[in-house]
Structures are given as C-alpha cells and as structure tokens.
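Enquirer: Before I ask anything, let me first share the structure, which is written out below as structure tokens.
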Amino acid sequence: MNPARLLREVGMMKRVLFLAALFLGVIASGASPVTAQMEFGAEAMFGSETDAGLGARLQLPLGTEIPLDFQGGFNLFFPDGPAEYWEINGNLWYTIPTSGSTNVEPYAGGGINLGHASVSGFSNTDIGLNLGGGARFIFENTTPFVEARFVIGGAEQFVIGAGVLFGG
1296 MNPARLLREV GMMKRVLFLA ALFLGVIASG ASPVTAQMEF GAEAMFGSET DAGLGARLQL
1356 PLGTEIPLDF QGGFNLFFPD GPAEYWEING NLWYTIPTSG STNVEPYAGG GINLGHASVS
1416 GFSNTDIGLN LGGGARFIFE NTTPFVEARF VIGGAEQFVI GAGVLFGG
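Numbering-wise (our numbering), the sequence shown opens with residue 1296 and increments by one.
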C-alpha cells in the first residue's frame, strides 16, 4: 500500500469515528430510559448501482420534543461481477404526524452514508449523504417498514427497501 493512500484511509477512518461519536452523543443526550425503546431487525433492499442487498438495522427513539429516531445500519450488497459493496448508515428520521388513530407512521429525513467498494484488489471508501423516507407499520411486537432513499456522494444511487424491526 502506498503512503498517500494509507494517509487518505486513516483520514477517512478518523472522520467516520468522529461521526459515530457525534451520533452516539446525540443519542446519549436526548434519549431517556422511559421513552427510548430500541428496536433491531433486518431488511432487504435494491440499489440502482449495487443491485440486491441484505442488512441489519438498529433504531432508537431520541425521546425529544420533536419525534426523531436515530437509525443505524449495515448493508451488504451483491453487485454483478467481481465487485463487492457494503455500507454503514446513520440517519435521523422525523416521524410525520398523522391525524386520527392509525398504525402507519410516515417518516422522512437523512444522514450519513459510508460506502466501501472493492474489485480486483482495488478498493475505495466514500462518505455520502442519505435523503429519503418511508413508512412504519406499528404492531405490538414488530414494526414492518418500507423505505426509499437517495445517496448523494459516495455510491450515488437510489435505494428501495423493506424489512421488519423487533423489540418496540
């Protein structure tokens, strides 16, 4: 590995660690034990540039006056050919208020996308911005969801997905 590339990757890791610490600080400062009920689950998705993928997701209500949730996840995509692609996402989702009693919660927001691609011994890691939204379907112990997001920078793609969260 050449020294310039090593310095770029170390710089990238410092930025990722800083962003992770920032998100954890937001969670720690805003979440109260009474209101914060962590959910975790799995999802399947399709990316316009990276094909089908599977992922794991963690969601935590921040317990603030504004209905915000932190969502973190890891997605592994399966592009055609010898390429490999994975991403780590950290998003803040705003739950859009609805009138009446319904078990559907629409949401919108965005966050950070860290994508890593590799092919034939070459690799690249980029940071991008997620912008999107979806809907959660609230049931007693499970929360299915559907979602769409644009990744601006990094993979530069449109991703649609669906999954289910447990523990809420």
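Here a beta-carbon is modelled for each residue, glycine too, at the ideal position from N, C-alpha and C.
Use the C-beta contact count for E1451: other C-beta atoms within 10 angstroms, 16 or more gives buried, fewer gives exposed.
Expert: Position 156 of the sequence shown holds residue 1451. Exposed.
Enquirer: Where does G1447 fall in DSSP's three states?
Expert: By 1-based counting over the sequence shown, the position of residue 1447 is 152. It should be pointed out that residue 1447 corresponds to Ile in this sequence rather than to Gly. In the structure shown, I1447 sits in a strand (DSSP, three-state: E or B).
Enquirer: Check whether the segment 1383–1398 and the segment 1413–1423 are in contact - that is, three or more C-beta pairs closer than 8 Å.
Expert: No: the two stretches stay apart, fewer than three of their Cβ pairs being nearer than 8 Å.
Enquirer: In chain order, what residues of the same chain have a beta carbon less than 6 Å from the beta carbon of I1455, not counting five sequence neighbours either side?
Expert: Indexing the sequence shown from 1 puts residue 1455 at position 160. Excluding positions up to five away in sequence, the list reads F1341, A1443.
Enquirer: How long is the line joining the alpha carbons of F1434 and G1336, rounded to whole angstroms?
Expert: By one-based count along the sequence shown, residue 1434 stands at place 139. By one-based count along the sequence shown, residue 1336 stands at place 41. Each residue's Cα considered, the two are about 14 Å apart.
Enquirer: Excluding the 5 residues flanking P1362 on each side, which residues of the same chain have their C-beta closer than 6 Å to its C-beta?
Expert: To locate residue 1362, count along the sequence shown from 1; it is residue 67. Result list for P1362: T1390, in chain order.
Enquirer: Taking DSSP as the reference, what is the three-state secondary structure of E1442?
Expert: Stepping through the sequence shown from its first residue, residue 1442 is reached at position 147. Note: E1442 maps to strand in three-state DSSP.
Enquirer: By the DSSP assignment, the beta strand (DSSP E) with G1406 in it spans what residues?
Expert: Indexing the sequence shown from 1 puts residue 1406 at position 111. 1399–1414 is the extent of the beta strand (DSSP E) around G1406.
Enquirer: Given a cut-off of 8 Å, decide if F1372 and A1347 are closer than it, judged by their beta-carbon atoms.
Expert: On the sequence shown, residue 1347 is found 52 positions in, with the first residue counted as 1. On the sequence shown, residue 1372 is found 77 positions in, with the first residue counted as 1. Taking 8 Å as the Cβ cut-off, A1347 and F1372 qualify as a contacting pair.
Enquirer: Do G1464 and G1410 have their CB atoms nearer than 8 Å?
Expert: Residue numbering for the chain in the displayed model covers 1296 to 1463; residue 1464 lies beyond these limits and cannot be assessed.
Enquirer: Using only the alpha-carbon positions, how far apart do T1397 and F1432 sit?
Expert: In the sequence shown, the residue the question calls residue 1397 occupies position 102. In the sequence shown, the residue the question calls residue 1432 occupies position 137. Near 9 Å, if we compare the C-alpha coordinates of F1432 and T1397.
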